[in-house]
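Contents: one structure, followed by commentary.
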Amino acid sequence: MAHTIKEFLGMKHITKNDADRLLDSIFGLLFNGFEKYFSLNIQQYLDVNHFFKDLAVKYPDYSYISEWFFEKGQGFLKNIDSDLSEVPDIIAFLEHEKFCLEIDVHEGNRTDFLFAYTEVFPMISNYIGDFYKEKMSKPVFDFQEKKIPIPGFSSIRANNISNWSVTNTQSSANREAELLLYA
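Heads up, the sequence shown stops at 601 in my numbering, and the numbers go up one at a time, no gaps.
Below is the structure:
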């Protein structure tokens with residue numbers, strides 16, 4: 419077997435932080451489930467491809483598990499194979515996924531485990547992908563231009579006032595700031 423779970427899975431990204439370690443433990447837990455429910459230990463295999471090929475041979479009634487991995491699971495792994503930030507949202511999500519998977523592996527049955535197996539890859543891939551897309555798509559600042567009638571000013575007089583705008587509505591704490599005008 420490869421040296422780490424990520425090497426076994428063919429992932430290139432190395433473990434650097436708590437989020438990476440949580441992801442590693444989720445993958446390890448998945449393969450603990452395969453050991454428990456199918457008596458297949460990843461220590462006996464060179465890589466994940468050999469593992470799933472052998473699973474399909476030894477358990478032909480469950481060959482759909484290997485097919486799912488080769489058709490979909492590997493794509494999800496490629497999406498997951500990235501730098502994970504030490505962001506509380508990602509860590510909390512991974513902790514929750516690990517907790518749910520632990521229940522399915524240790525207290526569930528084979529059906530529960532197989533359902534969790536097919537759900538964990540897309541859930542992690544989608545969450546991480548959506549998280550980074552959302553962060554990248556958010557503008558540094560977001561403002562709306564509105565014309566606000568000021569009491570006591572006529573429209574002619576108001577039109578002669580210089581135009582001004584707020585270019586950054588973020589406070590130093592990176593929270594939305596609001597502009598209040600008093601007459």
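Ideal placement from N, C-alpha and C gives every residue a C-beta, glycine not left out. Remember, predicted model here, so these are calculated numbers, not experimental data.
How far does the alpha helix (DSSP H) with residue i in it reach, from first residue to last?
i             : result
histidine 524 : 506-524
aspartate 438 : 436-456
tyrosine 482  : 481-486
leucine 473   : 466-476
glycine 493   : 492-498
leucine 427   : 423-427
Sorted by chain position, which residues of the same chain lie with C-beta nearer than 7 Å to residue i's C-beta, five sequence neighbours on each side aside?
i                 : result
lysine 430        : Asp499
valine 558        : Residue confidence for valine 558 is low, a pLDDT of 48 falling below 50, so the modelled location carries little weight; the figure read from the coordinates is stated next. For valine 558, where only same-chain residues beyond five positions count, there are no Cβ hits under 7 Å.
phenylalanine 531 : Gly451, Tyr455, Asp522 and Val523
lysine 516        : Leu440, Ser443, Ile444 and Leu447
isoleucine 509    : Asp436, Ala437 and Leu440
glutamate 425     : none
phenylalanine 512 : Before going on, a small fix: residue 512 reads as leucine here, not phenylalanine. Here the set comprises Ala437, Leu440, Leu441 and Ile444.
phenylalanine 549 : Asp507 and Ile508
Verify whether the separation of the beta carbon atoms of residue i and residue j is less than 7 Å.
i                 : j          : result
leucine 447       : valine 523 : yes
phenylalanine 469 : serine 543 : no
Return the residue from the list the options that minimises the CA-CA distance to residue i.
i                 : options                           : result
glycine 547       : Asp501, Arg528, Phe531 and Ala510 : Asp501
threonine 529     : Asn544, Tyr482, Leu441 and His468 : Tyr482
serine 503        : Ile432, Glu425, Phe426 and Lys424 : Ile432
serine 484        : Asn435, Pro569, Glu425 and Tyr535 : Tyr535
asparagine 606    : Trp486, Phe511 and Ser457         : Only positions 419 to 601 of the chain appear in the structure, and residue 606 is not among them; the question remains open.
valine 505        : Glu425, Asp436 and Phe449         : Asp436
glycine 428       : Lys471, Glu453 and Leu464         : Leu464
phenylalanine 449 : Pro478, Leu519, Pro569 and Tyr545 : Leu519
histidine 514     : Met541, Lys434, Lys496 and Lys471 : Met541
asparagine 497    : Lys434, Tyr545 and Pro569         : Tyr545
glutamate 489     : Asp479, Tyr477, Pro478 and Lys471 : Lys471
Looking only at its own chain, which residues have a Cβ that is under 6 Å from the Cβ of residue i, when we skip the five neighbours before and after it?
i             : result
alanine 474   : Ser481 and Ser484
glycine 491   : Phe539
threonine 422 : none
Residues in its own chain within less than 8 Å of residue i by CB, not counting five upstream and five downstream?
i             : result
glycine 610   : What is shown of the chain runs 419 to 601, which leaves residue 610 out entirely.
glutamate 453 : Asn459 and Ile460
Report whether the distance from the Cβ of residue i to the nearest heavy atom of the ligand FMN is below 6 Å.
i            : result
tyrosine 477 : Looking for the ligand FMN in the displayed structure turns up nothing, as the structure carries no ligands at all.
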